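Per the working numbering, residue 27 is the first one in the sequence shown, and the count goes up by one each step.
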Amino acid sequence: MDLPVNQFKQAIKSGKPQIGIWSSLCSYISAEVLADAGFDWVLLDTEHSPNELPMVQNQLDALSYGTSTTEGIVRPAWNDIVLIKRYLDVGARTLLIPYVQNAEEARRAVTGLRYPPGGMRGVSGCTRANRYGRVKDYFKHVHDEVCLLLQVETRTALSNLEAIAEIDGVDGIFIGPNDLAADMGHLGNWQHPEVWKVMEDAAKRIRKVGKAPGILVGEADGKRCIEMGYLFVAVGSDLVMLARGADALAAKFK
């Protein structure tokens, strides 16, 4: 059995835009529905969702069901090598690490994704990631298929943007609009023109370093971000769609 190619990683490396969606419902059913919709990637959130390891494994299983080629991206709650190791072992191969502020924290994330001698990932020969020991030459090829995305969401992080992006092993930089807006003094208003100006500039800076920029926005702003140079763009959230859809349906009868 060969190790599957990470098509998402290959796509952003080649400059091909990848359209995704946020999943905060902590549900393997929701994950499967989103995968069958045809998104290139689905973000399984554990930072701002009550999502835990066994549930994430079920969601990863659902994303790989049938003919789906949707990449499951997991966001750990923190830049922690123990959390990183556990999500990798259950089969996540693309991770989005939140709140990375500088090059040292970027290196820490890389270390968590790599086995020794280049990293600190604990070694197990029988996990879901290597199909329980059945993947041929797993340890030889695994680093080619893991994909590391780092979340930049403060002015401090933006001042270190190039230094973060240049770290070997970093594949993409994700801009967090809400946290960035809050740090800029616009809490709850990521649509502020000053925030958009910074986000546009960030995309250019990330691309100049040779890495892929990513972002989460709503449906109305997805195309705008792609035109600004963002390569992996989340254009919605399952939780938001459920809430707004429920509101709209109830309003028709109340």
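Built from N, CA and C at the ideal position, the CB exists for glycine as well.
Bear in mind that the values here come from a model prediction, so they are computed numbers and not experimental data.
Per the DSSP calculation, residue i is bridged to which residue(s)?
i: Ile190; result: Answer is none; Ile190 lacks a bridge partner.
i: Arg101; result: Asp71
i: Gly240; result: Phe200 and Phe258
i: Gln44; result: Phe258
i: Ile110; result: In DSSP, Ile110 forms no bridge with anything.
i: Ile38; result: Its beta-bridge partners do not exist; DSSP assigns none.
i: Ser263; result: Trp48
i: Thr120; result: Ile99 and Cys173
Compare the Cα-Cα distances from residue i to each of the options and report the closest residue.
i: Ala246; options: Asp28, Glu253, Asn32 and Val261; result: Val261
i: Phe200; options: Gly64, Trp216, Asn77 and Lys237; result: Lys237
i: Val235; options: Val266, Val196 and Gly271; result: Val196
i: Val100; options: His74, His169 and Lys223; result: His74
i: Val59; options: Phe279, Asp194, Leu89 and Ala277; result: Leu89
i: Met225; options: Gly214, Arg250 and Leu213; result: Arg250
i: Asp62; options: Leu70, Cys173, Arg160 and Gly92; result: Gly92
i: Pro76; options: Ala103, Phe65 and Pro203; result: Ala103
i: Gly255; options: Gly64, Arg133, Gly198 and Ser185; result: Gly198
i: Ile38; options: Gly271, Leu174, Ala276 and Lys162; result: Leu174
i: Tyr288; options: Asn156, Leu176, Ile107 and Gly98; result: Nothing about residue 288 can be read from this structure; the chain reaches only from 27 to 280.
i: Ser40; options: Ala274, Ala277, Pro239 and Ala276; result: Pro239
i: Lys223; options: Pro30, Leu184, Gly244 and Phe258; result: Leu184
i: Asp28; options: Trp216, Val259 and Lys162; result: Lys162
i: Ala135; options: Leu275, Gly144, Asn105 and Arg119; result: Asn105
i: Pro142; options: Asn215, Ala276, Glu253 and Lys111; result: Lys111
i: Gly46; options: Ala229, Ile252 and Glu220; result: Ile252
For residue i and residue j, which I take to be in contact (beta-carbon distance under 8 angstroms), what is that distance rounded to the nearest angstrom?
i: Glu179; j: Leu206; result: 5 angstroms
i: Leu242; j: Trp48; result: 6 angstroms
i: Lys42; j: Glu171; result: Rounded, the Cβ-Cβ distance is 17 angstroms, inconsistent with contact.
i: Arg181; j: Asp209; result: 5 angstroms
i: Gly98; j: Leu86; result: 5 angstroms
i: Ile107; j: Thr137; result: 7 angstroms
i: Gln127; j: Leu257; result: Between Leu257 and Gln127 the Cβ distance is about 23 angstroms, and since that is not below 8 angstroms, they are no contact.
i: Phe65; j: Thr95; result: Not quite, the Cβ-Cβ distance comes to about 10 angstroms (not below 8 angstroms), so this is no contact.
With DSSP run on the structure shown, which of helix, strand or coil describes residue i?
i: Phe284; result: With the chain covering only 27 through 280, there is no way to say anything about residue 284.
i: Ser344; result: Residue 344 lies beyond the range of the chain shown here (27 to 280); nothing can be said about it.
i: Gln177; result: strand
i: Thr182; result: helix
i: His167; result: helix
i: Leu86; result: helix
i: Tyr91; result: coil
i: Arg157; result: coil
i: Leu79; result: helix
i: Pro30; result: coil
i: Lys278; result: coil
i: Gly53; result: It should be pointed out that residue 53 corresponds to Ser in this sequence rather than to Gly. In the structure shown, Ser53 sits in coil (DSSP, three-state: anything other than H, G, I, E or B).
i: Val126; result: coil
i: Trp216; result: coil
**Asked** Hey, is the segment 146 to 160 in contact with the segment 107 to 118, meaning 3+ C-beta pairs nearer than 8 angstroms?
**Response** Yes, the segment 146 to 160 touches the segment 107 to 118.
**Prompt:** Is there contact here, the segment 180 to 190 with the segment 158 to 169, by at least three beta-carbon pairs under 8 angstroms?
**Reply:** By the Cβ rule, the segment 180 to 190 does not count as touching the segment 158 to 169, because fewer than three pairs are nearer than 8 angstroms.
**Asked** Okay, do the segment 52 to 68 and the segment 78 to 90 touch, 3+ Cβ pairs below 8 angstroms being the bar?
**Response** Touching, per the Cβ criterion.
**Asked** Using 8 angstroms as the threshold, is the segment 220 to 235 in touch with the segment 265 to 276, meaning 3 or more CB pairs across them?
**Response** These segments do not touch.
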